[in-house]
Structures are given as C-alpha cells and as structure tokens.
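These notes concern the structure reproduced below.
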Amino acid sequence: MTTSPTPSITDPSPTTSEELGAFDEVSDAVSAAQSAFETYLDCTLAQRRLFIAAIRAEATREENLRHMAVEAVAETRMGNAEHKVLKNRYAATLTPGVEDLLVEAYQSDAGMTTMEYAPYGVIGAITPTTNPTETIISNSIGMLAAGNAVVFSPHPRARHLSVWLVDRLNRALVAAGAPLNLITIIRKPSMEATAQLMATPQVQMLVATGGPQIVGMVLSSGKKAIGAGSGNPPVVVDETADIPRAARDIVNGASFDNNLPCTAEKEVVAVSSVVRELVADMVQEGAQLVNDPEILEKLRKLLMSPDRQHPRPSWVGQDAGTILRAVGVEPRPDTRLIITETTPDDPLVQVEMLMPVLPIVAVEDAAAAIDLAIEVEHGHHHTAIMHSRDVTRLETMARRSRTTIFVKNGPSYSGIGIEGEGFATFTIAGPTGEGLTSARSFARRRRCVLNASV
Ligand code: NAD
Numbered sequence: 023m024t025t026s027p028t029p030s031i032t033d034p035s036p037t038t039s040e041e042l043g044a045f046d047e048v049s050d051a052v053s054a055a056q057s058a059f060e061t062y063l064d065c066t067l068a069q070r071r072l073f074i075a076a077i078r079a080e081a082t083r084e085e086n087l088r089h090m091a092v093e094a095v096a097e098t099r100m101g102n103a104e105h106k107v108l109k110n111r112y113a114a115t116l117t118p119g120v121e122d123l124l125v126e127a128y129q130s131d132a133g134m135t136t137m138e139y140a141p142y143g144v145i146g147a148i149t150p151t152t153n154p155t156e157t158i159i160s161n162s163i164g165m166l167a168a169g170n171a172v173v174f175s176p177h178p179r180a181r182h183l184s185v186w187l188v189d190r191l192n193r194a195l196v197a198a199g200a201p202l203n204l205i206t207i208i209r210k211p212s213m214e215a216t217a218q219l220m221a222t223p224q225v226q227m228l229v230a231t232g233g234p235q236i237v238g239m240v241l242s243s244g245k246k247a248i249g250a251g252s253g254n255p256p257v258v259v260d261e262t263a264d265i266p267r268a269a270r271d272i273v274n275g276a277s278f279d280n281n282l283p284c285t286a287e288k289e290v291v292a293v294s295s296v297v298r299e300l301v302a303d304m305v306q307e308g309a310q311l312v313n314d315p316e317i318l319e320k321l322r323k324l325l326m327s328p329d330r331q332h333p334r335p336s337w338v339g340q341d342a343g344t345i346l347r348a349v350g351v352e353p354r355p356d357t358r359l360i361i362t363e364t365t366p367d368d369p370l371v372q373v374e375m376l377m378p379v380l381p382i383v384a385v386e387d388a389a390a391a392i393d394l395a396i397e398v399e400h401g402h403h404h405t406a407i408m409h410s411r412d413v414t415r416l417e418t419m420a421r422r423s424r425t426t427i428f429v430k431n432g433p434s435y436s437g438i439g440i441e442g443e444g445f446a447t448f449t450i451a452g453p454t455g456e457g458l459t460s461a462r463s464f465a466r467r468r469r470c471v472l473n474a475s476v
C-alpha cells in the first residue's frame, strides 16, 4: 500500500469559536466542499480509510453518542434517547467504508478491463428529522468512502445538532489530515436553501432521505438523484409462526425509537386463529390494548390531520404513555406500545403514523394476509416483515411485495443491521432502486481498459 504526502488543508488553523463546515450561504457551502473535493481527489485510498476511521471514532465517543441522543430528543422533540444511542452507534460502526468499492475485472489475451468506482464530486444530501445524526454519520461515511465531498441540508427541526455534528466530524477529519470542508452543512436550512442547493451546478448528485415531497423534488431536478422515501411496513403473522417470539419482536420493533424509523412495523396483519394469542403475548411484552371505539376515535382525532391523510407532526415520535394520557387513559408502567384490533380501512392502518400506535387486522388465512399487507404498503417497496415457519409463504411474500427490506422472523430493525446480519444504512432508496445505500451507491462506474502489449 502506497501513501502520498497528506494534501494541504484548506484552512490549517481554524478558530475554535466557529463551527467548522457550517455556512450561512448555500453558495459558500458548495464552494468550500468543491475546493475540499479537489484536494481530496489527490488523496490515496489509504488516506480515505484513515479519514473514515476518524469519523467512526469521533461518532462513537461515548460523550458524543450521549450528546447526539439527548439533543436529538430535545431539539426534534421526538424519539427515545436510549434507542438513538444504539442507532448512532450502528450507523458509525456498521456503515461500509472504502471496502464497499469492490472492483470487477475482466481478463483475456486482449488485455484487462476493470470496472471501478469514481466519485461524483459534491453531493447535496437532505436529511430527515427522524434520524438526523444517524443519516449524517452514515451518509458521510459512504459518500467520503466513495471519494466525494458533501453539503448537508438538515431538517430545520434538527439543525443545531446537525451543525454541531458536522463541526465535530470536520475537526476529527482535519486532525486525521483530511482537507477541511469535506463535510459541510447549511446553517439555517429552508425550502429555498434546499432548492438553491439542488440548482447549484457544482452539485453533481442529490440524495434525499425523507418524505414524498422532498424525494419528488430531487427526482425532478434533472440531476442524478437517490430518493429514500417513506414506507408503511406491514408485518404478517400466520398460524405457523412462533407466536411468543413474533409478539416480542413486533413490540420491540414497533416501539423502537417510538416508531420513528421508516422501517418500523406500522401495522400487523394476522391470521384470525392466532390473533388472541398474539395480542395476549404482545400485552405481556409491554403493549397496551385499546379497543374502546370512543377512545380510538379520540386517538385518531388527536394524532391525525383533519383529513386523516397524515399524522400530526407534533405527535410523531411521542411515547406511548404520553399519547395514552392525552386521551384520558392511564398507561401501565411498562407500556411502550399502543395496540388496537381494527379493520383494514382504518386510517391508522393506511397512513404512515411514525408513532407507537400499532393497529392489528385479522384476516382469514395467510394468502389473504399477504394480499392485504401488500395493499397497505401502498407500493412504496420499502420494508415488510413476516413471522411464519412456512418457507413457501415467506418466499411468496418476499417475491410479491418486492420491498427493499424483507425481514423473516425478526424485529424490523434487524433489516438495517441492528441485531441482525448485514451492514447498516439510514438511507434506504426504494424509489430509485439503490436499496440499502452504501459507498458504491454514491459513485459512478468507470471502465478502465488496459490493452495487451502484443
Ligand atoms: P420530511 O420529508 O418532512 O423532511 C425531510 C427533509 O426534506 C428535511 O430536511 C426537510 O427540511 C426537507 N424538505 C421536505 N420538504 C421540502 C421542500 N418542499 N423543500 C425543501 N426541503 C424540503 O421528512 P421527515 O419528517 O424529516 O422524515 C420522515 C419521513 O422520511 C418519513 O416519511 C419516513 O418514512 C421517511 N424516511 C425515509 C428513510 C429512508 O431511508 N427511506 C429514512 C428516514 C426517513
């Protein structure tokens, strides 16, 4: 492995009073990232590895993990700090780095051709409120591993923490010898600033992690775009499933970070013969059953927009106890999830709620369960979960749902590497098809042809 001298840093003596990488003007952020990218182009792969290691080390310092978790809850006013520690730790440790860029080679008497990965340049990345720091950590690792620089446009409700994180990562990168401003951020994000970022010619690629509006915007930008959009993950439980285990996994998955992950179980479709046992086991695991129609209606009124097409933002990511108290129900001390037995047309089933309220729909058999689950996923091709011991049914649902993530017999979060096999990402690109993004998603393919000398 060869190493070349460390390229000079754009600003070798940054003052400690200002946040590194944060800019008021979009144009300044892009110019700084472009200049960092040009220096980064001359760095070796060994240096890239060193820089990725610096990001991982900084993000996993215990005080930083705690700060990100506590501040994310304080600033966004949603989620669960203990779970956010886990999410950030997985983002930092399990997002693939340079090793993700596996080169394909073809060889014959004519010579050798390799299919390599080249950077795009400056990437504009838009991050969500639900995983603010996780997305910045995971995107930064993948994008820098592929040789790019990045300008983040954070969610306005997570901007202070996002700016703090970009500052920490820049300091760690600079200390490791990286050019300053490989990671930049817009200090005061707005719709206009995001639109300006998308339109800036130096921005070569756009990556949006968020709801349908922002994904639609990047897809119509005319640039190479990755869209990681919303889902409504169904979980199917059939009569062959290990019901106590299914109950535990569903309660764990659906209550994780108060149901903020786009991958979290959003509705259960269960074969009617197992519903009673499943509900009883879920209650044992910390779910509270609410079947009173009046209370349910109060819940819908409280938690949903008047047209029942969207959750009310102020209730997204709140904990189950707070939600129950708001409709006059005393939560049990161990309650972490609200469950209700309902019908498929209930808006709580149809709408991505992003809160620990999990409707359960009973159907006649496994075939009907798979059909309904696919219907309520609404063609997002995002995530689905199934608890069954019948391999044929598992295969059928995986094939027919065509989701990016399909979890068999486990909690939803095992699909992004948390307590499950495989790498982590917080940008799951269903609409544009990259799937679980990693460094290679943020690189263009380059064909290098070496002709034989004779
Ligand atoms: P959101 O769409 O409200 O915001 C996402 C980002 O887009 C934010 O930075 C926001 O400021 C920006 N944005 C939104 N509309 C915009 C506009 N018109 N102009 C400019 N910028 C705009 O989403 P959110 O509430 O932060 O996150 C929750 C949503 O994101 C859920 O639907 C969830 O499923 C989805 N999500 C998907 C993934 C994935 O990997 N597929 C990951 C996390 C969240």
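In this note's numbering, the protein residues as written are 23 to 476.
In this text, a Cβ means the ideal position worked out from N, Cα and C, and glycines have one as well.
Source: prediction; values computed, not measured.
What separation, rounded to the nearest whole angstrom, lies between the Cα atoms of residue i and residue j?
i, j, result
"proline 335", "glutamine 310", "23 Å"
"valine 92", "threonine 98", "10 Å"
"valine 305", "aspartate 271", "13 Å"
"alanine 406", "arginine 421", "11 Å"
"alanine 140", "glutamate 319", "54 Å"
"alanine 113", "isoleucine 159", "6 Å"
"glutamine 372", "leucine 241", "25 Å"
"alanine 474", "glutamate 126", "18 Å"
"aspartate 367", "glutamine 226", "43 Å"
"alanine 276", "arginine 462", "30 Å"
"asparagine 170", "alanine 384", "49 Å"
"proline 315", "valine 258", "24 Å"
"leucine 472", "valine 413", "47 Å"
"glutamate 138", "phenylalanine 464", "13 Å"
"arginine 467", "proline 266", "47 Å"
"isoleucine 148", "arginine 298", "43 Å"
"serine 35", "leucine 42", "The predicted model places serine 35 with a pLDDT of 40, which falls under 50 and marks its position as unreliable; any figure quoted below should be read in that light. Serine 35 and leucine 42: Cα-Cα distance of roughly 11 Å."
"asparagine 192", "proline 150", "21 Å"
"glycine 249", "valine 476", "47 Å"
"glutamate 399", "serine 252", "10 Å"
"valine 172", "glutamine 56", "9 Å"
To which residues of the same chain is residue i closer than 6 Å at the C-beta, ignoring the five residues directly before and after it?
i, result
"methionine 23", "In this prediction, methionine 23 has a pLDDT of 34, which is less than 50 and means its spatial position is unreliable; nothing more can be read from the coordinates."
"asparagine 280", "Gly101, Asn102, Gly339, Asp341 and Pro378"
"valine 312", "Ile360 and Thr362"
"valine 273", "Met304, Glu307, Gly308, Ala309 and Leu359"
"asparagine 153", "Phe448"
"threonine 364", "Pro381"
"leucine 321", "Val349"
Which residues bound the alpha helix (DSSP H) around residue i?
i, result
"phenylalanine 404", "Correcting the residue type first, residue 404 is histidine in the shown sequence and not phenylalanine. Element bounds for histidine 404: n/a, residue is neither H nor E."
"glycine 455", "Careful: glycine 455 lies outside any alpha helix (DSSP H) and carries neither H nor E."
"valine 351", "No alpha helix (DSSP H) contains valine 351, which DSSP labels as neither H nor E."
"lysine 323", "315–325"
"glutamate 299", "294–306"
"glycine 275", "265–277"
"isoleucine 438", "It is not in any alpha helix (DSSP H) - isoleucine 438 carries neither H nor E in the DSSP assignment."
"alanine 194", "181–197"
"glutamate 214", "213–221"
"lysine 109", "103–116"
"threonine 206", "Careful: threonine 206 lies outside any alpha helix (DSSP H), inside the beta strand (DSSP E) at 205–208."
Considering just the uninterrupted stretch of the beta strand (DSSP E) at residue i, what are its terminal residues?
i, result
"arginine 466", "465–473"
"serine 160", "It is not in any beta strand (DSSP E) - serine 160 instead sits in the alpha helix (DSSP H) that spans 154–167."
"glutamine 310", "309–311"
"serine 130", "126–130"
"threonine 418", "Taken as a continuous stretch (DSSP letters only), threonine 418 belongs to no beta strand (DSSP E), being part of the alpha helix (DSSP H) at 413–423."
"glutamate 363", "359–364"
"glutamine 226", "225–231"
"lysine 430", "427–430"
Below 8 Å CB to CB, which residues in the same chain sit around residue i once its five sequence neighbours on both sides are set aside?
i, result
"threonine 357", "Gly308, Ala309, Gln310, Ala342, Gly343 and Leu346"
"histidine 182", "Glu93 and Glu97"
"phenylalanine 428", "Thr405, Ala406, Ile407, Met408, Met419, Ala420 and Gly437"
"leucine 324", "Arg334, Trp337, Ile345, Ala348 and Val349"
"alanine 391", "Val258, Val259, Asp260, Val291, Ala292, Val293 and Val385"
Short of 7 Å in beta carbon distance, which residues of its chain neighbour residue i, apart from the five on each side in sequence? Order them along the chain.
i, result
"histidine 403", "Arg424, Thr425, Thr426 and Gly452"
"proline 29", "At proline 29 the pLDDT is 40, less than 50, meaning the model places this residue with poor confidence; the figure from the coordinates comes in the next sentence. Taken in chain order, the residues that qualify are Thr61, Asp64, Cys65 and Pro201."
"phenylalanine 73", "Leu166, Leu195, Ala198 and Ala200"
"valine 48", "Ile208, Ala215, Gln218, Leu219 and Thr222"
"arginine 354", "Gln310"
"isoleucine 31", "Residue placement at isoleucine 31 cannot be trusted, given a pLDDT of 39 that sits under 50; what the coordinates show is reported in the next sentence. Cβ neighbours of isoleucine 31 beyond the five flanking positions: Val196, Pro201 and Leu202."
"alanine 44", "Val185, Val188, Asp189, Ile207 and Arg209"
Touch check for the stretch 227–235 and the stretch 110–122: three-plus C-beta pairs under 8 Å? no
At least three beta-carbon pairs within less than 8 Å, the stretch 326–346 to the stretch 365–379: yes
Contact between the stretch 440–450 and the stretch 458–473: three or more CB pairs below 8 Å? yes
Counting Cβ pairs closer than 8 Å, one from the stretch 259–267 and one from the stretch 167–187, do we hit at least three? no
The stretch 102–110 in contact with the stretch 130–142 per 3-pair CB rule at 8 Å: no
With contact counted as at least three CB pairs below 8 Å, one residue from each stretch, are the stretch 282–289 and the stretch 316–334 in contact? no
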